[in-house]
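A.B. asks:
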Amino acid sequence: MNSEKGLLTYLKNKEYAEGAFIFGSYARNPEGKHNDIDVFVLINENWWKRESKVINGIEHELFYFPSEYALNILKTEKDFNMAGWFMNTKIILDKNNSLSEFIPTAKEIVNKKLEEFDAEWWAYKIGDRLQDIEQEREDETQKLFLMNCLLKEILFVFFLSKKILPVKENYFVKKIAKLDPKLYSLINRFYESKQLNDKMAVLNKMIIQLNIGKPTTKLTTIKIELKD
494 MNSEKGLLTY LKNKEYAEGA FIFGSYARNP EGKHNDIDVF VLINENWWKR
544 ESKVINGIEH ELFYFPSEYA LNILKTEKDF NMAGWFMNTK IILDKNNSLS
594 EFIPTAKEIV NKKLEEFDAE WWAYKIGDRL QDIEQEREDE TQKLFLMNCL
644 LKEILFVFFL SKKILPVKEN YFVKKIAKLD PKLYSLINRF YESKQLNDKM
694 AVLNKMIIQL NIGKPTTKLT TIKIELKD
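Last residue of the sequence shown: 721 (the numbering used here), numbering continuous.
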């Protein structure tokens with residue numbers, strides 16, 4: 494709580510700060526142990542930056558964004574990184590109810606993107622990765638690296654295919670253990686397998702389980718008219 498008071502004092506002195514909320518692990522569990530505190534700061538000027546700041550002896554990571562710029566990132570980002578910021582929030586500053594309007598708009602964008610899961614696009618992305626793995630015949634270490642990259646993509650797509658916001662990568666496996674024990678078992682088999690062929694067989698089973706169609710290296714998108 495002292496950290497929140499110190500943070501509020503720090504931001505109140507900044508005229509450009511319209512609102513601020515804490516997100517991440519601290520917002521979910523303020524009483525837990527935290528390495529730092531993540532803060533989104535809504536500003537009324539046309540710039541953005543990240544700032545590491547020690548306040549009352551606690552490391553804070555502050556992310557400053559104007560409204561339209563942040564919303565555009567939410568609309569266009571592929572990794573859903575910023576999207577996760579808005580799922581658990583603790584507002585500490587809200588001048589003129591700026592965040593009271595901004596946060597629901599942000600959540601609406603995220604939910605719309607989750608509903609518009611593009612299975613064809615991900616079948617292409619996975620197909621492209623499979624081709625890279627197939628073509629690597631000289632360096633087993635490189636081939637294994639590509640397999641690990643594919644595994645990460647498969648787990649990411651699993652969340653999207655279920656219309657679930659992906660968690661941070663360091664929580665992928667723990668979350669999947671709760672959501673899908675069968676997929677979790679395949680992850681274990683992948684890491685326990687000693688032979689690359691066995692690992693590849695496990696990855697193919699995972700891809701089938703995603704139910705996104707047959708992987709392909711061909712993709713044609715719709716035409717999108719560009720604004721002047």
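Ideal Cβ placement from N, Cα and C applies to all residues, glycine included.
Let me make sure I understand the geometry here. Which of K498, K687, N663, K720 has the alpha-carbon closest to that of N574?
C.D. replies: Nearest option by C-alpha distance: N663.
A.B. asks: As a quick exercise: from F638, A513, I619, pick the residue whose alpha carbon is nearest that of F556.
C.D. replies: Comparing Cα-Cα distances from F556 to each of F638, A513, I619, the minimum goes to A513.
A.B. asks: Classify W540 as buried or exposed, calling it buried when 16 or more other Cβ atoms lie within 10 Å of its own Cβ.
C.D. replies: Label assigned to W540: exposed.
A.B. asks: Looking at the structure shown, is G525 part of a helix, part of a strand, or coil, going by DSSP?
C.D. replies: Coil.
A.B. asks: Nearest to Y617 by alpha carbon, out of N690, S496, P708?
C.D. replies: Of N690, S496, P708, the residue nearest in Cα terms is P708.
A.B. asks: Helix, strand or coil for V660? Go by DSSP, reduced to three states.
C.D. replies: DSSP places V660 in coil when its eight states are reduced to three.
A.B. asks: Distance check for V650 and K605, CA to CA, integer angstroms please.
C.D. replies: Near 16 Å, if we compare the C-alpha coordinates of V650 and K605.
A.B. asks: My output table needs one value for Y503: the three-state DSSP class, helix, strand or coil.
C.D. replies: It is helical.
A.B. asks: Taking all protein chains shown into account, do 16 or more other C-beta atoms lie within 10 angstroms of the C-beta of Y723, making it buried, or fewer, making it exposed?
C.D. replies: Residue 723 falls outside the range modelled here, since the chain spans only 494 to 721, and no answer is possible.
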